[in-house]
Amino acid sequence: MNYQHQHAAHCESGTIANLLRHHGAAVSEPLAFGIAAGLSFAYLPFVRINGLPLIAYRSLPRSILRGTGQAFGTRLRFETFRTPEAGQRRLDELLAQGKVVGAQTSVFWLPYFPETMRFHFNAHNLLVYGKEGDDLAIALLPEPELVLLDEPTVGVDPQSRAFLLDAVKSLAQAGTTVLYTSHYIEEIEAIADDVAILNHGQVLRAAPLSELLAEGGAQMSLRLAAPAEATLALLAGFGEARLLADGEIQLALAPAATPAAVLQALETAGLPLQAARYGSHDLERLFMQLTHRTLRDE
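Positions 1 to 298 (the UniProt record's numbering) are the ones given, in order, by the sequence shown.
Structural data, given as structure tokens:
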């Protein structure tokens, strides 16, 4: 069976959109959600997830599946099974007949969901991760060429986080292309080969990780009690100096300049130095430099 699965949004809209696309209907996940009038609101204080009342902004999964299917004149058949073995036998039987199947499973290993309330939908190509006893388990169904992960470690404990990062590295080493987005910059440093730094939807820098980290070799960070204008004027003779929003001065040294010469010039000029840093760089500092240390929502 030649089946391709692309999934980026909610489980039910992703499942029905993929099933319909397989049969020739150009349906996106947002379109499927809209056709079924999936937007709703529910507040159930007597149902709690991690101690918080359940709040939902969409209709029940089955209503979205049925609503989208009816709009296209298709009929969906729902089957339930008491055991995983019975469900697997039925799935194998249908696949052998050339029929695609969207499988609603309880549990599909969402790590931030209580074990008694986990659920998800799939149609064969889905990254699944969660707990198996006291251990974290990851499975890939089956082995796609591309995996998209958006903040996958949010809400997990440190041990689970380390396990997930190791699994992502293993995927990449096995030849899978992994597009990994995260605000945890230390994670990117730990697993990435190539990095794109984005701010407000714009790509500020895109380069191999090793190249970005190597840029720190010619950078000096200085903090002085002296007026910024006088300091910048002196440092202009040693390279490109820039005043950051928090008062720190970033100096990109010219090829012939040395940190020792900069420090000597500051002392000779009587400009009191409070702190200096040279030769170290990380993505967080680079991101703050590129965004001029502005907050994301400003």
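All C-beta atoms, glycine included, are put in the ideal place defined by N, C-alpha and C. On a predicted model such as this, the values are computed, not experimentally measured, just so you know.
Simplified DSSP state of residue i, which is helix, strand or coil
i      : result
ALA26  : coil
VAL101 : coil
ALA196 : strand
SER182 : coil
PRO158 : helix
ALA230 : helix
ARG75  : coil
GLY259 : For the sequence presented, residue 259 should be read as Pro rather than Gly. In this structure, PRO259 counts as helix in the three-state DSSP scheme.
THR153 : coil
ALA269 : coil
ARG21  : helix
ARG89  : helix
THR83  : coil
Contact check, residue i vs residue j, beta carbons under 8 Å
i      : j      : result
VAL262 : LEU235 : yes
GLN274 : LEU224 : yes
ARG21  : GLY38  : no
ILE146 : LEU179 : Residue identity differs from the one stated: residue 146 is Leu in this sequence, not Ile. Yes. Within cutoff.
LEU271 : ALA206 : no
LEU209 : ASP194 : yes
LEU251 : MET220 : yes
ALA36  : SER28  : no
THR181 : LEU164 : no
PHE238 : ALA218 : no
VAL168 : ILE185 : no
LEU65  : GLU12  : yes
TYR43  : PRO30  : no
LEU19  : VAL100 : yes
Sheet register partners of residue i (DSSP bridge)
i      : result
GLY237 : For GLY237, which the question treats as bridged, DSSP gives no partner whatsoever.
THR177 : LEU146
VAL203 : LEU198
ARG58  : LEU39
LEU222 : ILE249 and ALA276
LEU243 : ILE249
PRO208 : ASP194
Where the beta strand (DSSP E) containing residue i begins and where it ends
i      : result
ALA275 : 273-278
Residue from the options whose Cα sits closest to the Cα of residue i
i      : options                           : result
PHE72  : ALA172, ALA32, TYR180 and SER63   : ALA32
ARG75  : ALA218, SER63, ALA26 and PRO255   : SER63
GLY201 : VAL27, ALA36 and THR291           : THR291
GLY69  : GLY87, GLY34 and GLY98            : GLY34
ILE188 : THR176, LEU149 and LEU94          : LEU149
GLU248 : THR268, GLU267, ALA260 and ALA226 : ALA226
HIS183 : PRO259, ILE197, PRO61 and GLU267  : ILE197
ASP282 : GLY175, ALA214, GLN4 and ALA172   : ALA214
ALA260 : ASN2, ARG277 and TYR3             : ARG277
ALA254 : ALA25, GLY175 and GLU240          : GLU240
SER40  : LEU94, PRO61, ALA162 and ALA245   : PRO61
Residue i - containing alpha helix (DSSP H), residue span
i      : result
ARG62  : 61-71
GLN250 : Counting along the chain, GLN250 falls outside any alpha helix (DSSP H), though it belongs to the beta strand (DSSP E) covering 249-253.
GLN6   : Where GLN6 is concerned, there is no enclosing alpha helix (DSSP H), given that its DSSP letter is neither H nor E.
GLU284 : 283-290
Proximity test, Cβ basis, 8 Å: residue i and chain D
i     : result
LEU65 : Reference to chain D is not applicable here, since this structure consists of a single protein chain.
Proximity test, residue i beta-carbon vs the ligand FMN heavy atom, cut-off 7 Å
i     : result
SER63 : What this structure holds is no ligand at all, so the ligand FMN is not there to describe.
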